[in-house]
Amino acid sequence: MKLLIISGGSKGLGLALCKEYQQHGFSIVEFSRTAPHPFSVSVDLSNSKESANVIAKALAPLAAIEWREIVVINNAGTLNPMGPASKKNRDHVIDNININFASGILFISEALGHFQGHSGKKTLANISSGAALGGYPGWSLYCAAKAGMENFIASIALEQDLESDPFCAINIGPGVIDTDMQASIRKAKAEDFPAVERFIDRKESGDLRPPETVAADIFAITEQSIVENGRRYDAAG
Numbered sequence: 187m188k189l190l191i192i193s194g195g196s197k198g199l200g201l202a203l204c205k206e207y208q209q210h211g212f213s214i215v216e217f218s219r220t221a222p223h224p225f226s227v228s229v230d231l232s233n234s235k236e237s238a239n240v241i242a243k244a245l246a247p248l249a250a251i252e253w254r255e256i257v258v259i260n261n262a263g264t265l266n267p268m269g270p271a272s273k274k275n276r277d278h279v280i281d282n283i284n285i286n287f288a289s290g291i292l293f294i295s296e297a298l299g300h301f302q303g304h305s306g307k308k309t310l311a312n313i314s315s316g317a318a319l320g321g322y323p324g325w326s327l328y329c330a331a332k333a334g335m336e337n338f339i340a341s342i343a344l345e346q347d348l349e350s351d352p353f354c355a356i357n358i359g360p361g362v363i364d365t366d367m368q369a370s371i372r373k374a375k376a377e378d379f380p381a382v383e384r385f386i387d388r389k390e391s392g393d394l395r396p397p398e399t400v401a402a403d404i405f406a407i408t409e410q411s412i413v414e415n416g417r418r419y420d421a422a423g
């Protein structure tokens, strides 16, 4: 038996990942606000403390099952609010950090805590972004959270080296994908996101990859016979 635990699987890349793993025989538990699937659990990731309680409750019965393979994918995220740091609404800032960073940390921590002792193959994958590697004007919160999550995973990888039944902890750069998030970027005002024209050009030039293609690439990464702990993989090859 194989299990996928994923956050943000309601649409876009997350939805494509659910479909990809399901067709390869994985049981799935998915955490999102809208919870559209039979295997979904509704959770408000902007409330990080409450979301951790919901996640823990959902994972507890699954931890009692002997799984041959477990894949944990941290995928949930939001760009909002875009715009200069000097103009951010404090409540929107807190929501962004909760969704992109605090809830991601708690989601992963709960998964590790519940399944650390399982002896099967275990992979923890954080879906990252080019925003983790450098700044974008108007994306200060998103860039900060993505960079923080990458280093969180890098630290977990070192911790897992000390475990008798370790997870392989990796970051995955998905590349540019044709999703609702990309559509929202193209609708941004130039004063909020000065690089908006570059993202419009990417769409018009056909540079955006279908989420199904990226999901298949991510599946191939996690299903390698040897996944390199601590590595940053590129889903584009």
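In this note's numbering, the protein residues as written are 187 to 423.
We treat Cβ as the ideally placed atom computed from N, Cα and C, and that holds for glycine.
Pull up the distance between the alpha-carbon of residue i and that of residue j, whole angstroms please.
i	j	result
L190	Q208	9 Å
S272	C329	16 Å
I363	R384	14 Å
I214	T408	15 Å
G269	V240	32 Å
V257	G290	15 Å
S343	N312	Residue identity differs from the one stated: residue 343 is Ala in this sequence, not Ser. C-alpha separation (whole angstroms): 12 Å.
E206	W253	19 Å
G211	K188	7 Å
A374	I386	10 Å
H300	V229	18 Å
Q346	R388	38 Å
E349	E216	26 Å
K235	A244	15 Å
I251	H304	9 Å
A242	T309	19 Å
Do you know whose CA, among the options, lies nearest residue i's CA?
i	options	result
K307	G195, I412 and A422	I412
S218	I192, E236 and A242	I192
R395	H304, T365, A376 and F405	T365
R418	F405, K375, R388 and S314	S314
A317	G303, H304, S305 and K332	K332
E377	H278, Q346, D420 and P267	P267
DSSP three-state call for residue i: helix, strand or coil?
i	result
D366	helix
T264	coil
F353	coil
L190	strand
F385	helix
D420	strand
Flag residue i as yes when its Cβ comes closer than 8 Å to any non-hydrogen atom of the ligand COA, and as no otherwise.
i	result
K373	Among the ligands in the structure shown, none appear at all, so the ligand COA cannot be discussed.
Going along the chain, which residues of its own chain have a beta-carbon closer than 6 Å to the beta-carbon of residue i, five neighbours each way excluded?
i	result
A422	G361
S196	S218, T220 and P222
D420	G359
H278	P267
L231	S237, A262, I285 and S289
Please list, in chain order, all residues of the same chain as residue i whose beta carbon is under 8 Å from its beta carbon, the five residues on each side excluded.
i	result
G334	F287
A381	Y322, P323 and G324
L265	W325, Y328, M367, S370 and I371
Can you name, in chain order, every residue of its own chain whose Cβ lies under 7 Å from the Cβ of residue i, other than the five neighbours on each side?
i	result
G194	G200, S218, N261, A262 and G263
C204	I192, G195, I214, E216 and H223
| request: Would you check if there are 3 or more beta carbon pairs closer than 8 Å linking the region 331-351 to the region 281-300? | output: Contact between the region 331-351 and the region 281-300 is established, with three or more Cβ pairs separated by less than 8 Å.
| message | With three or more C-beta pairs closer than 8 Å as the rule, is the region 394-412 touching the region 344-360? | response | yes
| Three-pair Cβ contact test at 8 Å for the region 250-267 versus the region 192-208 | Segments in contact, yes.
| message | So, does the region 358-372 touch the region 396-405, judging by three or more C-beta pairs under 8 Å? | response | yes
| message | Using a Cβ distance threshold of 8 Å, determine whether the region 277-287 contacts the region 317-334, with at least three qualifying pairs required. | response | yes
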